[in-house]
Amino acid sequence: MSTSIPVRHIASRDNPDYRAWLRLAQGRPGRRDARVILEGEHLCRAWLEHKGPPPTLVVGESALSLDWIGPIWQACARGRRVVLQNNLATVLSQVEHGPAVFFVVEAPVPAPPARIAAGSLWLDRVQDPGNLGTLLRTAAAAGLRQAYLSEGCASAWSPKVLRSGQGAHFALEIYEHADLAALTERLDIPLAATTLEQAEILYAKDLRKPCVWLFGNEGQGVADDLLERADWRIHIPQVKGVESLNVAAAAAVCLFEQRRQQLALMVQARAARRKQG
Numbered sequence: 001m002s003t004s005i006p007v008r009h010i011a012s013r014d015n016p017d018y019r020a021w022l023r024l025a026q027g028r029p030g031r032r033d034a035r036v037i038l039e040g041e042h043l044c045r046a047w048l049e050h051k052g053p054p055p056t057l058v059v060g061e062s063a064l065s066l067d068w069i070g071p072i073w074q075a076c077a078r079g080r081r082v083v084l085q086n087n088l089a090t091v092l093s094q095v096e097h098g099p100a101v102f103f104v105v106e107a108p109v110p111a112p113p114a115r116i117a118a119g120s121l122w123l124d125r126v127q128d129p130g131n132l133g134t135l136l137r138t139a140a141a142a143g144l145r146q147a148y149l150s151e152g153c154a155s156a157w158s159p160k161v162l163r164s165g166q167g168a169h170f171a172l173e174i175y176e177h178a179d180l181a182a183l184t185e186r187l188d189i190p191l192a193a194t195t196l197e198q199a200e201i202l203y204a205k206d207l208r209k210p211c212v213w214l215f216g217n218e219g220q221g222v223a224d225d226l227l228e229r230a231d232w233r234i235h236i237p238q239v240k241g242v243e244s245l246n247v248a249a250a251a252a253v254c255l256f257e258q259r260r261q262q263l264a265l266m267v268q269a270r271a272a273r274r275k276q277g
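The numbering of the sequence shown is UniProt numbering, which starts it at 1 and goes up by one.
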């Protein structure tokens with residue numbers, strides 16, 4: 001006997017679940033609503049890969065005929081599966097000509113570690129959702145697994161940040177509303193902050209060991225009190241007369257310079273082992 005929960009169909013804008021999902025999709029969750037809505041094949045597949053089936057799958061009527069929907073539909077057989085009338089799915093979608101498939105999930109809230117000994121990303125009041133999502137995506141691609149976001153940062157699980165992150169959220173442990181100044185007491189590795197003042201050139205710095213990377217607000221940079229706590233002050237040299245790099249671009253340069261150095265060390269170690277063998 002199948003244990004699947006019966007499929008539910010919604011055809012009215014007045015449905016309370018639909019109204020709640022619409023608020024989530026528009027970035028307006030209720031005060032006590034910790035849910036988020038994921039839209040599109042890429043984000044839904046990423047959630048399945050890292051977290052398993054969601055509590056609720058929502059699909060537009062016309063999307064049911066898409067070949068790639070079948071495996072997702074079957075994977076969600078033990079949760080709520082909801083079919084939306086096409087006009088409702090179109091309103092719910094925040095992506096033009098999107099395929100109208102959504103997961104409604106609880107945003108993960110991991111417990112912070114007692115000590116911070118692994119390379120991680122710290123963000124101080126990064127307010128632009130596109131920047132924040134790109135920063136998370138870059139950090140995950142560079143091999144970091146933790147991200148700490150201060151008060152004043154954009155909401156990590158807002159629809160715009162999720163779209164910009166392209167699934168990076170599920171490869172990271174994300175700690176929002178973090179007191180970064182207090183967290184410096186938990187550090188077992190250096191804190192590296194980007195700044196133009198009294199800073200070392202990035203490419204002259206030995207970055208082969210893990211550190212915490214701290215990037216600041218788009219207009220103001222890293223707050224002075226945090227900058228004072230940094231072990232390393234680093235800047236990216238660039239030609240004169242050009243505006244400084246966008247925070248997401250600067251982070252990409254720093255994180256992948258560190259990754260380049262770490263990979264070079266690994267290559268040297270393998271070459272040494274082959275020579276000895």
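C-beta: ideal position from N, C-alpha, C; glycine also.
As the structure is a prediction and not an experimental result, all values here were calculated from the model.
Item: Leaving out five residues before and five after VAL82 in sequence, what residues of the same chain have Cβ atoms less than 8 Å from its Cβ?; Value: VAL7, ARG8, HIS9, ILE10, ASP17, THR56, LEU57, VAL58, VAL59
Item: Which complete alpha helix (DSSP H) runs does the segment 93 to 145 hold, if anything under 4 residues is left out?; Value: 129 to 141
Item: Let me know the secondary structure DSSP gives GLY60 once reduced to three states.; Value: strand
Item: Nearest to TRP21 by CA position, among SER62, LEU92, ASP67, GLY70, is which residue?; Value: LEU92
Item: If you drop the 5 nearest sequence neighbours on each side, which residues of the same chain put their C-beta closer than 7 Å to that of PRO54?; Value: TRP47, CYS76, GLY79, PHE103, VAL104, VAL105
Item: Please list, in chain order, all residues of the same chain as GLY152 whose beta carbon is under 6 Å from its beta carbon, the five residues on each side excluded.; Value: ARG125
Item: Just list the alpha helix (DSSP H) runs in the UniProt domain "tRNA/rRNA methyltransferase SpoU type" (121 to 256), keeping only unbroken ones of 4 residues or longer that don't cross its boundaries, in chain order.; Value: 129 to 141, 159 to 165, 180 to 183, 224 to 229
Item: Under 6 Å Cβ to Cβ from LEU196, same chain only, skipping five residues before and after it: list those, please.; Value: HIS235
Item: Below 7 Å CB to CB, which residues in the same chain sit around PRO210 once its five sequence neighbours on both sides are set aside?; Value: ALA118, GLY119, ILE189
Item: Distance check for ALA251 and GLY40, CA to CA, integer angstroms please.; Value: 27 Å
Item: From the DSSP output, which residues share a beta bridge with HIS42?; Value: DSSP lists no partner for HIS42.
Item: Are the CB atoms of GLY27 and PRO237 nearer to each other than 7 Å?; Value: no
Item: Am I right that THR134 and SER164 are in contact with their C-beta atoms under 8 Å? What's the rounded C-beta distance?; Value: 6 Å
Item: Take residue 286 as the anchor and find which of CYS44, ALA156, CYS254 has the nearest alpha-carbon.; Value: Only positions 1 to 277 of the chain appear in the structure, and residue 286 is not among them; the question remains open.
Item: Give the straight-line distance between the Cα atoms of THR138 and ARG45, rounded to the nearest whole angstrom.; Value: 19 Å
Item: Could you tell me if HIS50 is buried or exposed, where buried requires 16 or more neighbouring beta carbons within 10 angstroms of its beta carbon?; Value: exposed
Item: Does the separation of the CB atoms of ASP224 and LEU191 fall below 7 Å?; Value: no
Item: Where do the N-terminal and C-terminal ends of the alpha helix (DSSP H) with ARG23 fall, by residue?; Value: 16 to 25
Item: I'd like to check one pair, ASN86 with SER62: are the Cβ atoms closer than 7 Å?; Value: yes
Item: Considering only residues of the same chain and omitting the five flanking positions on each side of GLN262, which have a CB-CB separation below 6 Å?; Value: ARG208
Item: Would you identify the three-state DSSP class for VAL36, choosing helix, strand or coil?; Value: strand
Item: Determine the DSSP secondary structure at ARG259, reduced to helix, strand or coil.; Value: helix
Item: Taking C-beta to C-beta, are LEU121 and VAL161 nearer than 7 Å?; Value: no
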